Amino acid sequence: MTRLLDLPYDTVVHYAAVHLHPFAESIELRDLTAHKTLIKTRARQVGDGIGLAEVESFSSREGVPLFKDHEYEVVSIYDNTSGADQDAMATIFLYLAVKDLDLSAYRRGAVRGAERLQEPVAVEQNVGVIRPL
């Protein structure tokens, strides 16, 4: 996970969304350097059949600190109670504070949709989506 994050500076996580498959119990982001869990979300199974009834997300106005010189890992827990092989995967989408984002081209109108950027924005930097808060 550390290599994928490739943090250029210390920052904070303000929101985390996850994608899990049936039989997932939880997913967490761990700071291996500090030996602690930073974020943990849980899933709830449907009452009948196979599927997830609910998956938690994480949100924090203050944010959870991430440090560029720390090591991180993602851990997911599954409990397959079906009696048959099942596929499984876990993804966590982290929404980080970006300190070096230059929005001047958007504010000048050089980029489509710039007229909406007179208000605060949220940026999903990995895919380049910019939308008003």
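Quick note, the sequence shown lines up with residues 1 to 133 if you use the working numbering. C-beta atoms are modelled at their ideal positions from N, C-alpha and C, and glycine is treated no differently. The structure presented is a predicted model; accordingly, all values stated were derived computationally and were not measured.
- In the DSSP assignment, the residues bridged to PHE58 are ALA16.
- In this structure SER76 is in contact with LEU20, their Cβ atoms being roughly 7 Å apart against a cut-off of 8 Å.
- Counting C-beta atoms within 10 angstroms of its own C-beta, LEU101 has fewer than 16 neighbours from the protein chains shown and is therefore classed as exposed.
- Beta bridge pairing from DSSP links ARG3 with no other residue.
- When DSSP states are grouped into helix, strand and coil, SER82 belongs to the coil group.
- Distance between LYS68 and ALA34, taken at the CA atoms: about 13 Å.
- TYR9 is positioned such that its CB atom lies no closer than 9 Å to that of SER57.
- Here VAL55 is near THR41, since their CB atoms are less than 9 Å apart.
- Within the same chain, no Cβ atom closer than 6 Å to the Cβ of THR81 is found once the five residues on either side in sequence are excluded.
- Inclusion of LYS99 and THR2 in the CB contact set at 9 Å is not warranted, their separation being larger than that value.
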